[in-house]
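**Q** Quick note: to get the working numbering, add 163 to the position in the sequence shown (first position is 1). After the structure tokens below, expect a handful of questions from me.
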Amino acid sequence: MKNINSGSLLLIYLLYIVVTEPACAIRVSLSSGDGGGDVAIIDSYKLSTDTALKSESILDGHNIYQNRRLLGDGNNDLTHYVEGNGYNSKNVVKSSGPLSISTSATASPQSASLSQAVMGTGNIFAELQGSQRTDFVEQKTNVIGGGLSLSQSLAAGSLLSARQDTTMNGGSCFLEANSLSSDNAMLVNGIFYTVDDISADLTAASQGMAWTMGDIFAYGENCLDKDTLRMIGSKNMGLSFDSSYLKDSENTEDAPIFKGSVQTNAVNMDRDVFDSASQASQAQASTESALQSQTYGGRVGNFWGWLPLGNSYDGGIYGPARRWNQENPSIQLYLLTDSNYYAEGLNTNSVCAAIQTAANIWDAATYQRLFASTVLPSSSVSRDVPDGKSVHSWEYIGLYNGVYSPGHAHTWYTTSSQEDGFYQITDSDVDYNTYYNWNTNGISGGTNYDIETIAVHELGHTLGLADLYNKDNAPLYKAQVQQIMNYQYNHPLWLGNGDRQAIWAMYGR
Ligand SMILES: [Zn+2]
């Protein structure tokens with residue numbers, strides 16, 4: 164709608180909109196340049212009638228300064244592009260519900276920076292991307308049915324970087340921080356299902372090599388920390404952290420109430436591996452959506468209620484699935500017999516037998532020796548480190564607002580090689596929460612848990628399966644309560660059809 168070009172004169176341009184007509188669409192483009200280079204800012208707005216926007220742009224020489232302030236409600240959609248000399252950036256905010264945005268941006272032919280605060284409730288999607296030469300960084304934040312307080316920033320020019328500092332909660336939340344260079348790709352994301360307290364501070368940067376750093380917390384508990392991200396960034400490796408949360412039911416006779424789940428992923432890989440992996444995962448996503456629509460037709464029943472680890476939330480770029488890439492991998496499980504464990508007052512033979520029985524359920528489905536035939540007690544193995552030893556242990560897992568996780572799985576894999584599109588899992592550690600009382604008598608309820616019951620689900624993660632219940636874009640999977648990889652906390656245990664299909668697809672039958 165507006166086009167303004169400027170040589171070197173100072174020009175102040177003010178856009179002040181209070182929308183009174185239904186859904187207003189505006190496009191503003193500003194550019195500046197000489198023989199040495201050009202810069203252009205292109206803004207598009209689709210605003211609801213309940214939204215006011217004030218945008219102020221100053222062209223001073225070859226610099227463009229922009230400030231904007233939005234206060235609104237209803238459906239709003241803002242896009243901000245900057246095209247400079249050898250770099251690009253993009254910022255998108257889409258929302259449905261109360262929203263406030265405050266942005267300040269600077270752009271010259273050589274560099275750009277943006278900092279922005281986004282606050283709101285309802286559904287909000289915010290994306291920030293930058294690229295220059297073969298470098299690319301992005302931050303994505305998505306809340307569905309919740310609240311968000313987000314501060315984002317981007318710098319392009321010399322070092323390319325994007326940051327998000329986020330707190331959010333909601334029915335379904337998602338965040339992502341990715342960095343790509345010609346050398347490597349580092350991808351970090353978090354998927355949260357009905358989690359009340361999520362915070363993250365993530366920076367994605369690229370200059371010659373790509374790295375993503377920071378922390379992700381859920382329920383005040385660190386799900387991905389700086390040291391782990393630093394280690395992953397230094398190697399061809401990945402980590403998936405899976406945790407489900409439960410709330411004690413009012414009546415301790417009843418089974419616990421499923422409360423929510425957290426999955427975080429971090430992976431570092433060579434750029435060419437990433438390029439082929441993202442093509443593969445797109446093919447996988449389209450196959451899955453075809454299967455899903457078939458299933459909705461009722462022809463397939465619950466046949467396909469399963470998802471491998473690495474299956475992306477939105478058919479995007481988290482790389483392909485991973486598994487143990489051997490016939491009969493005979494994964495040796497260890498039981499860490501430390502003071503935490505002894506404080507439970509359990510019988511070690513019974514605990515090893517309970518974990519082994521859980522492992523045998525997966526072995527029996529594949530007629531393979533996925534797991535070794537005995538669980539080895541040891542006082543010298545370590546939990547939650549990628550040392551090639553899969554260790555089951557007891558530790559205190561934080562609690563917040565009466566919400567507790569009975570168990571976690573940390574699954575490590577290498578991105579150095581692939582087989583049939585699967586990365587190689589190298590280690591998977593399972594932690595049981597000392598908050599609860601543990602037993603081997605098959606009974607879970609209130610604050611008591613049966614070890615085998617939790618172990619079957621967590622060992623599904625060890626083999627490369629993802630949780631079903633946090634796939635908000637796949638309601639059919641969430642409804643698959645007969646699958647072990649949904650939330651299943653009651654004895655007796657058996658694999659659902661989807662669990663079986665999953666393990667057959669990955670390990671044969
Ligand atoms: Zn799980």
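Glycine included, every Cβ here is placed at the ideal spot set by N, Cα and C.
1) Starting from residue 334 and walking both ways along the alpha helix (DSSP H), at which residues does that stretch end?
2) Do you know how far the Cα of residue 537 is from the Cα of residue 603?
3) Any C-beta of chain C sitting closer than 7 Å to the C-beta of residue 275?
4) Of all the beta strand (DSSP E) runs that stay within the bounds of the segment 213-278, which reach a length of 3 or more residues?
5) Please report the distance separating the alpha-carbon of residue 660 from that of residue 321.
6) Using only Cβ atoms and a threshold of 6 Å, which residues come within that distance of a heavy atom of ligand 1? Order them by chain position.
7) What does residue 408 pair with, by DSSP beta-bridge criteria?
8) Using the three-state DSSP reduction, which class does residue 615 fall into: helix, strand or coil?
9) Residue 553: which of 617, 493, 310 and 600 sits nearest, CA to CA?
10) Leaving out five residues before and five after residue 295 in sequence, what residues of the same chain have Cβ atoms less than 7 Å from its Cβ?
11) How far does the beta strand (DSSP E) with residue 503 in it reach, from first residue to last?
12) Using CA coordinates, which residue listed in 573, 656 and 626 is at the minimum distance from residue 607?
13) What first and last residue would you give for the beta strand (DSSP E) that runs through residue 375?
14) Taking only three categories from DSSP, how would you classify residue 666?
15) What does a CB cutoff of less than 7 Å around residue 436 pick up in its chain, not counting 5 residues either side in sequence?
16) Exposed or buried, what is residue 627 when buried is set at 16 or more other beta-carbons lying within 10 Å of its beta-carbon?
17) At what residues does the alpha helix (DSSP H) containing residue 512 begin and finish?
18) Quick check: what's the CA-CA separation for residue 310 versus residue 585?
19) Have a look at 499, 670 and 312 and flag the residue whose alpha-carbon is nearest the alpha-carbon of residue 361.
20) Excluding sequence positions up to five away, which residues of its chain have a Cβ less than 6 Å from the Cβ of residue 241?
21) Secondary structure at residue 486, three-state DSSP: helix, strand or coil?
22) Which same chain residues end up closer than 6 Å to residue 560 when comparing Cβ atoms and leaving out the 5 residues on each side of it in sequence?
23) Report buried or exposed for residue 422, applying the criterion of at least 16 other Cβ atoms within 10 angstroms of its Cβ.
24) Grouping DSSP H, G and I as helix and E and B as strand, with all else coil, what is residue 439?
25) If you draw a straight line from the alpha carbon of residue 520 to that of residue 425, how long is it in whole angstroms?
26) Please report the distance separating the alpha-carbon of residue 404 from that of residue 391.
27) For the pair the segment 256-271 and the segment 339-351, tell me if three or more CB-CB distances fall below 8 Å.
28) What are the boundary residues of the beta strand (DSSP E) that residue 592 is part of?
29) Taking only the alpha-carbon atoms, compute the straight-line gap between residue 572 and residue 301 and give it to the nearest angstrom.
30) Please check the pair residue 286 and residue 259, which I expect to be a contact at CB under 8 Å, by giving their CB distance rounded to whole angstroms.
31) Can you tell me whether residue 201 is helix, strand or coil according to DSSP?
32) Can you give me the start and stop residues for the beta strand (DSSP E) that residue 389 sits inside?
**A** In short:
1) Here residue 334 is taken as the residue at index 171 of the sequence shown, counted from 1. Where residue 334 is concerned, there is no enclosing alpha helix (DSSP H), although the beta strand (DSSP E) it sits in stretches over 323-343.
2) Numbered from 1 along the sequence shown, position 440 holds the residue referred to as residue 603. Numbered from 1 along the sequence shown, position 374 holds the residue referred to as residue 537. Cα-Cα distance, rounded: 16 Å.
3) This model lacks chain C altogether; it includes just one protein chain.
4) 215-223, 226-235, 238-246, 250-259 and 262-270
5) Working through the sequence shown from its first residue, we reach residue 660 at position 497. Working through the sequence shown from its first residue, we reach residue 321 at position 158. When rounded, the distance between both Cα atoms is 53 Å.
6) 405, 407, 620, 624 and 630
7) For the purposes of this step, residue 408 is identified with residue 245 of the sequence shown, where counting begins at 1. In the DSSP output, where bridge partners are listed per residue, residue 408 has 423.
8) Numbered from 1 along the sequence shown, position 452 holds the residue referred to as residue 615. Note: residue 615 maps to helix in three-state DSSP.
9) Residue numbering aside, residue 553 sits at position 390 when the sequence shown is read from its first letter. The shortest C-alpha separation from residue 553 is found at 493.
10) The count along the sequence shown starts at 1 and reaches residue 295 at position 132. Within the same chain, residue 295 has close Cβ partners 249, 250, 319 and 323.
11) Here the question's residue 503 lines up with position 340 in the sequence shown. Element bounds for residue 503: not the beta strand (DSSP E) but the alpha helix (DSSP H), 502-506.
12) As a position in the sequence shown, residue 607 is number 444, starting the count at 1. The residue with the shortest Cα to Cα distance from residue 607 is 656.
13) Within the sequence shown, the letter at position 212 stands for residue 375. First-last of the beta strand (DSSP E) with residue 375: 372-381.
14) Within the sequence shown, numbered from 1, the residue matching residue 666 stands at position 503. Three-state DSSP puts residue 666 in a helix.
15) Taking the first residue of the sequence shown as position 1, residue 436 is located at position 273. Only 578 meet the Cβ criterion.
16) Translated into positions along the sequence shown, residue 627 becomes position 464. The residue in question, residue 627, is buried, as its Cβ has 16 or more Cβ neighbours within 10 Å.
17) Position 349 of the sequence shown, counted from the first residue, corresponds to residue 512. Taken as a continuous stretch (DSSP letters only), the alpha helix (DSSP H) holding residue 512 covers 511-529.
18) As a first step, residue 310 is located in the sequence shown; it is residue number 147 there, counting from the start. As a first step, residue 585 is located in the sequence shown; it is residue number 422 there, counting from the start. Between residue 310 and residue 585, the C-alpha separation is close to 36 Å.
19) Counting from 1 along the sequence shown, the entry for residue 361 is found at position 198. For the residues 499, 670 and 312, the minimum Cα distance to residue 361 belongs to 312.
20) Taking the sequence shown and counting its residues from 1, the one referred to as residue 241 is at position 78. Hits under 6 Å: 208 and 256.
21) For the purposes of this step, residue 486 is identified with residue 323 of the sequence shown, where counting begins at 1. Strand at residue 486.
22) The count along the sequence shown starts at 1 and reaches residue 560 at position 397. The answer, listed in chain order, is 568 and 596.
23) Position 259 of the sequence shown, counting from 1, holds the residue named residue 422. That one is buried.
24) As a working note, residue 439 is residue 276 in the sequence shown. Residue state, collapsed to three classes: helix.
25) Counted from its first residue, the sequence shown places residue 520 at position 357. Counted from its first residue, the sequence shown places residue 425 at position 262. Each residue's alpha carbon lies about 26 Å from the other.
26) What you label residue 404 is simply residue 241 of the sequence shown in a count that begins at 1. What you label residue 391 is simply residue 228 of the sequence shown in a count that begins at 1. Spanning the two alpha carbons is a distance of roughly 12 Å.
27) no
28) Within the sequence shown, residue 592 is the residue found at index 429, counting from 1. Here the beta strand (DSSP E) through residue 592 covers 585-596.
29) Here the question's residue 572 lines up with position 409 in the sequence shown. Here the question's residue 301 lines up with position 138 in the sequence shown. Their Cα atoms are separated by approximately 27 Å.
30) By 1-based counting over the sequence shown, the position of residue 286 is 123. By 1-based counting over the sequence shown, the position of residue 259 is 96. Confirmed, Cβ separation roughly 4 Å.
31) Translated into positions along the sequence shown, residue 201 becomes position 38. Residue 201: strand per DSSP, three-state reduction.
32) In the sequence shown, counting from the first residue as 1, residue 389 sits at position 226. Unbroken run through residue 389 is the alpha helix (DSSP H), 389-396; no beta strand (DSSP E).
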